[in-house]
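Colleague: One gets this note's numbering by counting positions in the sequence shown from 1 and adding 1387 to each.
Quick one: this structure, given as C-alpha coordinates, is what I'll be asking you about.
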Amino acid sequence: MSRISAVLIVILTLTTGGCTVVDLDASGNPIMPKDPHAKPSYSNQTPQQIAESSWQSRVLDTAHQHAMSWADMETKSSTVRAGGSESVFVRASGTVAALDDSNQRERSLTLTLNGKPVKVNLGPVIRSNALRDAAGVRFEEFTNQVQYAQLTRALNRHAVQQLPAVDASWVGKPAQALLAVEMGHGVVNDVMAVELKQGATP
(Lines of atoms letter the chains of each structure in order from A and count residues from 1; the text may use other names and numbers.)
(Lines give C-alpha, C1' and ligand atoms only; values in the text may rest on other atoms or scores of the structure.)
Protein backbone atom coordinates (compact mmCIF):
# COMPACT_ATOMS: atom_id res chain seq x y z
CA MET A 1 0.00 0.00 0.00
CA SER A 2 1.36 3.41 -0.93
CA ARG A 3 1.88 6.19 1.60
CA ILE A 4 -0.87 8.26 -0.08
CA SER A 5 -3.35 5.38 0.18
CA ALA A 6 -2.52 4.91 3.86
CA VAL A 7 -3.11 8.60 4.54
CA LEU A 8 -6.44 8.48 2.71
CA ILE A 9 -7.56 5.50 4.76
CA VAL A 10 -6.67 7.33 8.00
CA ILE A 11 -8.61 10.41 6.84
CA LEU A 12 -11.65 8.33 5.89
CA THR A 13 -11.52 6.52 9.24
CA LEU A 14 -11.48 9.81 11.15
CA THR A 15 -14.26 11.43 9.12
CA THR A 16 -16.73 8.55 8.99
CA GLY A 17 -18.58 6.45 11.49
CA GLY A 18 -18.87 9.23 14.09
CA CYS A 19 -15.26 8.89 15.19
CA THR A 20 -13.67 11.66 17.21
CA VAL A 21 -11.05 13.61 15.27
CA VAL A 22 -7.71 13.71 17.10
CA ASP A 23 -6.14 17.16 17.42
CA LEU A 24 -2.59 17.72 16.25
CA ASP A 25 0.19 19.55 18.03
CA ALA A 26 2.46 22.19 16.45
CA SER A 27 4.61 19.45 14.91
CA GLY A 28 1.66 17.69 13.33
CA ASN A 29 1.69 14.81 15.80
CA PRO A 30 -1.61 13.58 17.24
CA ILE A 31 -2.49 14.76 20.76
CA MET A 32 -3.85 11.68 22.44
CA PRO A 33 -6.55 12.17 25.09
CA LYS A 34 -5.74 11.08 28.64
CA ASP A 35 -6.81 7.60 29.62
CA PRO A 36 -9.74 8.09 32.05
CA HIS A 37 -8.72 4.90 33.84
CA ALA A 38 -5.07 5.88 34.28
CA LYS A 39 -3.78 6.49 37.78
CA PRO A 40 -3.08 10.15 38.59
CA SER A 41 0.51 11.19 37.99
CA TYR A 42 2.50 13.35 40.37
CA SER A 43 3.99 15.11 37.34
CA ASN A 44 0.83 17.14 36.73
CA GLN A 45 0.08 18.02 40.36
CA THR A 46 1.47 20.75 42.58
CA PRO A 47 3.29 19.66 45.76
CA GLN A 48 0.34 20.93 47.83
CA GLN A 49 -2.13 18.93 45.74
CA ILE A 50 0.00 15.81 46.17
CA ALA A 51 0.17 16.35 49.94
CA GLU A 52 -3.58 16.82 50.23
CA SER A 53 -4.59 13.95 47.94
CA SER A 54 -2.18 11.45 49.51
CA TRP A 55 -2.55 12.53 53.14
CA GLN A 56 -5.02 9.85 54.20
CA SER A 57 -3.61 6.92 52.23
CA ARG A 58 0.10 7.55 52.44
CA VAL A 59 0.44 9.31 55.78
CA LEU A 60 -2.42 8.64 58.19
CA ASP A 61 -3.16 5.06 57.13
CA THR A 62 0.54 4.18 57.19
CA ALA A 63 1.03 5.90 60.53
CA HIS A 64 -1.91 4.22 62.23
CA GLN A 65 -0.97 0.79 60.89
CA HIS A 66 2.75 0.93 61.62
CA ALA A 67 3.26 3.34 64.53
CA MET A 68 5.46 1.86 67.25
CA SER A 69 5.79 2.81 70.90
CA TRP A 70 8.42 5.31 72.02
CA ALA A 71 10.27 2.53 73.88
CA ASP A 72 10.30 0.30 70.79
CA MET A 73 11.56 3.22 68.69
CA GLU A 74 14.45 3.76 71.11
CA THR A 75 15.34 0.08 70.85
CA LYS A 76 15.11 0.16 67.06
CA SER A 77 17.36 3.22 66.89
CA SER A 78 20.26 1.10 68.13
CA THR A 79 20.06 -0.85 64.86
CA VAL A 80 20.47 2.23 62.66
CA ARG A 81 23.92 2.21 61.11
CA ALA A 82 26.38 4.78 62.42
CA GLY A 83 26.11 8.01 60.45
CA GLY A 84 22.79 6.96 58.94
CA SER A 85 19.19 7.80 59.75
CA GLU A 86 15.76 6.22 59.58
CA SER A 87 12.30 7.69 60.07
CA VAL A 88 9.32 5.98 61.67
CA PHE A 89 5.90 6.79 63.08
CA VAL A 90 5.54 6.64 66.85
CA ARG A 91 2.47 6.73 69.07
CA ALA A 92 3.19 8.20 72.49
CA SER A 93 1.49 9.50 75.61
CA GLY A 94 3.11 11.84 78.10
CA THR A 95 2.91 15.14 79.90
CA VAL A 96 3.50 18.51 78.28
CA ALA A 97 6.42 19.96 80.22
CA ALA A 98 6.87 23.21 78.27
CA LEU A 99 5.80 25.20 75.24
CA ASP A 100 8.36 27.24 73.32
CA ASP A 101 6.68 29.87 71.18
CA SER A 102 9.44 32.47 71.36
CA ASN A 103 9.89 31.94 67.62
CA GLN A 104 6.39 31.99 66.16
CA ARG A 105 7.58 30.33 62.96
CA GLU A 106 9.24 27.35 64.68
CA ARG A 107 7.15 26.59 67.74
CA SER A 108 7.67 23.42 69.74
CA LEU A 109 6.55 21.71 72.91
CA THR A 110 8.44 19.49 75.29
CA LEU A 111 6.70 16.20 75.97
CA THR A 112 7.91 14.01 78.81
CA LEU A 113 8.05 10.45 77.49
CA ASN A 114 9.29 7.59 79.65
CA GLY A 115 10.74 10.15 82.04
CA LYS A 116 12.72 11.95 79.31
CA PRO A 117 12.07 15.40 77.77
CA VAL A 118 11.38 15.21 74.04
CA LYS A 119 11.16 18.28 71.81
CA VAL A 120 8.22 18.02 69.39
CA ASN A 121 8.14 20.47 66.50
CA LEU A 122 4.79 22.18 65.86
CA GLY A 123 5.70 24.63 63.08
CA PRO A 124 4.34 26.34 61.12
CA VAL A 125 7.85 25.98 59.67
CA ILE A 126 9.29 22.50 60.16
CA ARG A 127 12.74 21.70 58.78
CA SER A 128 12.58 17.92 58.79
CA ASN A 129 12.29 14.99 56.40
CA ALA A 130 10.87 12.71 59.09
CA LEU A 131 7.26 12.77 57.88
CA ARG A 132 8.12 12.23 54.22
CA ASP A 133 10.50 9.36 54.96
CA ALA A 134 8.29 7.67 57.56
CA ALA A 135 5.45 7.68 55.01
CA GLY A 136 7.70 5.87 52.52
CA VAL A 137 7.70 8.60 49.88
CA ARG A 138 10.61 7.86 47.52
CA PHE A 139 12.70 10.15 45.34
CA GLU A 140 12.09 7.86 42.34
CA GLU A 141 8.43 8.92 42.31
CA PHE A 142 9.30 12.48 41.33
CA THR A 143 10.82 14.32 38.40
CA ASN A 144 13.76 15.87 40.24
CA GLN A 145 15.24 16.85 43.58
CA VAL A 146 13.44 20.20 43.56
CA GLN A 147 9.99 18.63 43.31
CA TYR A 148 10.96 16.11 46.01
CA ALA A 149 12.04 18.91 48.36
CA GLN A 150 8.90 20.91 47.60
CA LEU A 151 6.75 17.92 48.53
CA THR A 152 8.60 17.58 51.83
CA ARG A 153 7.66 21.15 52.74
CA ALA A 154 4.08 20.68 51.51
CA LEU A 155 3.61 17.56 53.64
CA ASN A 156 4.99 19.33 56.69
CA ARG A 157 2.70 22.33 56.11
CA HIS A 158 -0.32 20.08 55.70
CA ALA A 159 0.54 18.24 58.93
CA VAL A 160 0.74 21.53 60.83
CA GLN A 161 -2.67 22.57 59.50
CA GLN A 162 -4.25 19.46 61.01
CA LEU A 163 -2.96 20.14 64.53
CA PRO A 164 -5.07 21.77 67.23
CA ALA A 165 -4.15 25.20 68.59
CA VAL A 166 -1.53 24.61 71.28
CA ASP A 167 -1.03 27.28 73.93
CA ALA A 168 0.26 27.65 77.48
CA SER A 169 -2.85 25.92 78.86
CA TRP A 170 -1.42 22.62 77.61
CA VAL A 171 1.58 22.81 79.95
CA GLY A 172 1.40 20.39 82.84
CA LYS A 173 -1.36 18.32 81.27
CA PRO A 174 -1.28 14.87 79.68
CA ALA A 175 -1.31 14.59 75.91
CA GLN A 176 -1.46 11.89 73.27
CA ALA A 177 0.60 12.22 70.12
CA LEU A 178 1.22 10.56 66.80
CA LEU A 179 4.76 11.53 65.81
CA ALA A 180 7.09 11.29 62.85
CA VAL A 181 10.56 10.62 64.26
CA GLU A 182 13.93 10.70 62.52
CA MET A 183 16.41 8.62 64.47
CA GLY A 184 20.10 8.08 64.15
CA HIS A 185 22.23 5.39 65.76
CA GLY A 186 20.91 5.33 69.33
CA VAL A 187 19.66 8.92 69.14
CA VAL A 188 16.59 10.92 68.14
CA ASN A 189 17.34 13.67 65.62
CA ASP A 190 13.94 15.19 64.82
CA VAL A 191 10.40 14.79 66.10
CA MET A 192 7.32 16.40 64.58
CA ALA A 193 3.65 16.08 65.50
CA VAL A 194 1.26 14.44 63.04
CA GLU A 195 -1.67 14.24 65.47
CA LEU A 196 -1.94 15.77 68.92
CA LYS A 197 -4.68 15.88 71.52
CA GLN A 198 -5.05 16.60 75.20
CA GLY A 199 -5.80 13.88 77.73
CA ALA A 200 -4.31 10.63 78.93
CA THR A 201 -4.60 7.35 77.05
CA PRO A 202 -8.03 5.83 77.85
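We put the beta carbon where it would ideally sit given N, CA and C, even for glycine.
Quantities reported herein were computed from a predicted structural model and do not represent experimental measurements.
Does the distance from the C-beta atom of Val1581 to that of Ala1522 stay below 7 angstroms?
Modeller: The answer is no: Cβ separation not under 7 angstroms.
Colleague: When the Cα atoms are used, what is the spatial distance from Ala1456 to Gly1571?
Modeller: The amino acid at residue 1456 is misidentified as Ala; the sequence shows Ser. About 17 angstroms.
Colleague: Among the residues of its own chain, which have a CB less than 7 angstroms from the CB of Val1467, if the five just before and after it don't count?
Modeller: Hits under 7 angstroms: Glu1473, Met1570, Gly1571, His1572.
Colleague: Quick check on Phe1476: buried or exposed, where buried means 16 or more other Cβ atoms within 10 Å of its Cβ?
Modeller: It counts as buried.
Colleague: Going by other Cβ atoms of all chains shown within 10 Å of its Cβ, with 16 needed for buried, is Asn1543 buried or exposed?
Modeller: Asn1543 should be labelled buried.
Colleague: Consult DSSP for Ala1580 and reduce its assignment to one of helix, strand or coil.
Modeller: Strand.
Colleague: Would you grab the beta carbon distance between Asn1508 and Ser1495 for me? Rounded to a whole angstrom, and I think it's under 8 angstroms.
Modeller: So it is a contact: roughly 5 angstroms between Cβ atoms.
Colleague: How many angstroms separate the CA atom of Gly1329 from the CA atom of Arg1525?
Modeller: Coverage of the chain is limited to positions 1388 through 1589, which leaves residue 1329 absent and any answer about it impossible.
Colleague: So for Leu1566, helix, strand or coil by DSSP?
Modeller: The answer is strand: DSSP assigns Leu1566 an E or B state.
Colleague: Would you call the segment 1475-1489 and the segment 1432-1441 touching, i.e. three or more CB-CB distances under 8 angstroms?
Modeller: Flag = no, the segment 1475-1489 and the segment 1432-1441 do not touch.
Colleague: Pick helix, strand or coil for Lys1463, following the three-state DSSP scheme.
Modeller: Looking at Lys1463 - three-state DSSP - the assignment turns out to be helix.
Colleague: In this structure, does DSSP put Leu1550 in helix, strand or coil?
Modeller: Leu1550 falls in the coil class under three-state DSSP.
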